[in-house]
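For the sequence shown, our numbering gives the first residue as 3, with consecutive numbering after it. We treat Cβ as the ideally placed atom computed from N, Cα and C, and that holds for glycine. Fair warning: this is a prediction, and the values are worked out from it, not measured in the lab.
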Amino acid sequence: MLDDSSMSVGEGSSFRPNRGISKKAIDRAYLWFQRNESKLLATDIICIVVLFFLHLFPSTFQFFSQENVNAIQIAAIVLVSSIALSVVWKGIIPIVICVLGIVLIHNSLILPYYAQPQPGEASFGEVTFRWTLYTPTAVSMGASMNFFLGISMVIFSIIIAYRPSLLFTRNRPDSVDSEWLKYPLWHDNTLLADGRTEHSVPIKMLMTDQERYVLWRYEYILANIYGTPHLVRPEGYVPKYSTSIYRDRESGRIIGKARYKGFFI
């Protein structure tokens with residue numbers, strides 16, 4: 003017979019593959035989006051052009067029956083959903099702006115088909131005011147305002163997702179991390195120098211005891227490997243005889259990218 007502890011272990015282990023499968027599926031989806039960025043942008047442009055056509059020529063579809071109007075509504079949902087799909091993996095800010103924009107676009111496309119002129123009346127004592135609600139002019143103006151505002155928000159979300167540099171102002175100061183972008187990352191691989199290989203050791207072995215104590219401050223260490231500066235992880239391995247760590251000339255401290263703000267070294 004199995005005791006409770008063995009059953010609990012079996013139950014816990016049965017959930018691990020599911021988490022692994024879901025993580026792999028997310029990674030594959032993210033990789034697919036990365037590889038198809040240009041196709042997604044092209045699809046966005048096509049969808050926006052079709053939406054413009056549906057907005058500029060609503061009178062073409064006025065003779066449709068109610069079932070066909072529902073088909074147009076479904077088509078509009080599919081078009082705006084395709085646009086949202088292209089930015090959903092880019093972060094919360096682009097998707098929120100895009101969702102607000104596609105709601106406005108969808109409402110602007112449906113408004114001309116459901117907003118019919120209606121009489122309005124209000125009485126103040128012996129004076130009676132009469133007017134007409136949802137006139138063609140008012141409906142057309144409201145639909146145009148919602149549509150162009152929605153399109154602007156959608157385009158803005160696409161720019162934030164794919165080309166945020168277009169929104170940067172001139173003479174914009176560089177970020178703190180931009181200083182380290184010019185250095186390649188070292189991936190613990192052993193490079194070949196003149197057809198020879200070299201024994202690799204942890205980069206910690208090239209440091210003093212005092213430097214190891216403050217190593218938690220660093221995200222990357224700047225080191226000269228085979229004559230080229232590289233960023234090395236504090237737990238990384240480097241060629242033993244072809245690596246030297248960069249240090250400040252005055253203080254002698256290790257030069258590297260800080261892990262936390264306020265410890266820039």
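Distance, Cα to Cα, residue i vs residue j?
{"i": "P166", "j": "V89", "result": "13 angstroms"}
{"i": "H108", "j": "P231", "result": "53 angstroms"}
{"i": "N72", "j": "K92", "result": "31 angstroms"}
{"i": "Q36", "j": "I256", "result": "36 angstroms"}
{"i": "P138", "j": "L33", "result": "48 angstroms"}
{"i": "K25", "j": "I97", "result": "22 angstroms"}
{"i": "A31", "j": "N38", "result": "11 angstroms"}
{"i": "I245", "j": "R261", "result": "Before going further, note that residue 245 is Thr rather than Ile in the sequence given. Rounded to whole angstroms, T245 to R261 spans 22 angstroms at the Cα level."}
{"i": "A27", "j": "V234", "result": "30 angstroms"}
{"i": "M147", "j": "V141", "result": "10 angstroms"}
Nearest CA to the CA of residue i: which residue from the options?
{"i": "I223", "options": "V240, G229 and D211", "result": "V240"}
{"i": "N226", "options": "K206, R235, Y248 and K242", "result": "Y248"}
{"i": "T1", "options": "M147, S83 and G254", "result": "What is shown of the chain runs 3 to 267, which leaves residue 1 out entirely."}
{"i": "T45", "options": "I85, I79 and I74", "result": "I85"}
Cβ of residue i versus every heavy atom of the ligand HEM: is any distance shorter than 8 angstroms?
{"i": "L183", "result": "Among the components of this structure there are no ligands whatsoever, and the ligand HEM is therefore not found."}
So, using beta-carbon positions, are residue i and residue j closer together than 9 angstroms?
{"i": "I99", "j": "F158", "result": "yes"}
{"i": "M155", "j": "L106", "result": "yes"}
{"i": "I162", "j": "L169", "result": "yes"}
{"i": "I153", "j": "F55", "result": "no"}
{"i": "K259", "j": "Y220", "result": "yes"}
{"i": "H201", "j": "K242", "result": "yes"}
{"i": "F150", "j": "L111", "result": "no"}
{"i": "A145", "j": "P114", "result": "yes"}
{"i": "L217", "j": "P236", "result": "yes"}
{"i": "V52", "j": "L81", "result": "yes"}
{"i": "G238", "j": "I205", "result": "yes"}
{"i": "L87", "j": "L43", "result": "no"}
{"i": "I104", "j": "S83", "result": "yes"}
Skipping 5 residues on each side, what residues in its chain have a beta carbon closer than 7 angstroms to that of residue i?
{"i": "D250", "result": "I257"}
Length at least 3, wholly inside the stretch 209-262: the beta strand (DSSP E) runs in chain order: Counting only runs of 3 or more, we get 220-227, 230-234, 239-241, 245-247 and 258-260.
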